[in-house]
Amino acid sequence: GNTSSAGFGLIGTVVNGSLEIEILEGGVDIQDAGFALTAGQWHNLALTRDQGTFTLYVDGNAVYSHSGGANSIGSGQDPSYMMIGGASDRYAPGFGAQGFTGSIADVSVWTTALTQVQIQSIDFTALTGNETNLAGYYQLSDGSGTTASNAVNSAKSLVIEGDADWASGTSGPGGALAD
Numbered sequence: 599g600n601t602s603s604a605g606f607g608l609i610g611t612v613v614n615g616s617l618e619i620e621i622l623e624g625g626v627d628i629q630d631a632g633f634a635l636t637a638g639q640w641h642n643l644a645l646t647r648d649q650g651t652f653t654l655y656v657d658g659n660a661v662y663s664h665s666g667g668a669n670s671i672g673s674g675q676d677p678s679y680m681m682i683g684g685a686s687d688r689y690a691p692g693f694g695a696q697g698f699t700g701s702i703a704d705v706s707v708w709t710t711a712l713t714q715v716q717i718q719s720i721d722f723t724a725l726t727g728n729e730t731n732l733a734g735y736y737q738l739s740d741g742s743g744t745t746a747s748n749a750v751n752s753a754k755s756l757v758i759e760g761d762a763d764w765a766s767g768t769s770g771p772g773g774a775l776a777d
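With this note's numbering applied, the sequence shown closes on residue 777, and no number is skipped along the way.
Shown next, in the form of structure tokens:
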């Protein structure tokens with residue numbers, strides 16, 4: 599759930615052991631991508647918005663495309679706020695109990711929409727943090743504590759809220775660790 603009227607992103611809903619993927623547009627509208635991920639497997643998800651069209655890529659393949667809006671972030675909203683893996687009572691009151699059960703290896707944020715070829719070239723690959731147009735890169739297996747470091751700009755690291763756990767155990771894509 600989301601009470602915001604700005605931004606965009608991915609939402610997952612567990613149905614019969616699979617994670618059905620939806621796209622949040624403009625902080626309000628939810629579009630069913632018609633795609634579900636199988637549990638127990640690593641996947642690379644990328645969502646782009648270019649000239650008003652959202653495209654969802656799964657493991658480098660375009661699986662859904664839709665024209666939709668992305669409202670700008672208005673006054674009273676924190677433009678630097680980003681949720682990974684769940685909702686926060688601070689920005690989505692009443693939805694704080696919703697969260698993601700699984701492993702997320704890393705998250706990257708770009709200042710431009712990547713092409714399919716660019717997405718495929720970094721699919722399951724650890725980034726250096728120096729890539730052109732990379733705004734943020736969070737390796738979610740890089741330590742402990744309550745901060746996820748940003749390899750691009752350490753001043754833009756993320757504060758971990760709730761009961762998130764650092765990954766440990768077997769190696770995942772790009773060398774990330776998973777429980």
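All C-beta atoms, glycine included, are put in the ideal place defined by N, C-alpha and C.
In this structure, how does DSSP classify residue i when only helix, strand and coil are distinguished?
i	result
I619	strand
S663	strand
V750	coil
I758	coil
S739	coil
S706	strand
Y689	With a pLDDT of 49 at Y689, under the threshold of 50, the modelled position of this residue cannot be trusted; read the value that follows with caution. Three-state result, Y689: coil.
Q639	coil
Leaving out five residues before and five after residue i in sequence, what residues of the same chain have Cβ atoms less than 7 Å from its Cβ?
i	result
A711	T646, R647, D648
A746	Y736, L738, S755, L756, I758
N614	none
Assuming residue i and residue j are in contact, meaning their beta carbons sit under 8 Å apart, how far apart are those beta carbons, in whole angstroms?
i	j	result
F652	I628	No, F652 and I628 are not in contact; Cβ-Cβ is about 12 Å, not under 8 Å.
Thinking just about the alpha-carbon of each residue, which of the options is nearest to the one in residue i?
i	options	result
L661	Q639, V707, G632	According to the sequence shown, residue 661 is Val rather than Leu. Per the Cα distances, G632.
T730	G658, W708, V613, S616	W708
N642	Y655, T636, G650	Y655
G658	G638, G743, D721	D721
S701	Q639, I609, D630, S616	Q639
D630	I609, G743, V715, T636	I609
A724	S752, S706, Q714	S706
Using the Cβ count rule (16 or more neighbours within 10 Å means buried), how would you classify residue i?
i	result
P677	Caution is warranted here: a pLDDT of 48 is assigned to P677, below 50, making its placement in the model unreliable, and no coordinate value can be reported.
G734	buried
D704	buried
Excluding five sequence neighbours on each side, which residues of the same chain lie with their C-beta closer than 8 Å to the C-beta of residue i?
i	result
G607	I621, L622, L645, M681
S663	T651, F652, T653, L654
Residues in the same chain with beta-carbon distance under 6 Å from residue i, minus the five sequence neighbours each way, listed in chain order, please.
i	result
T611	E618
G727	Y735, A749, V750
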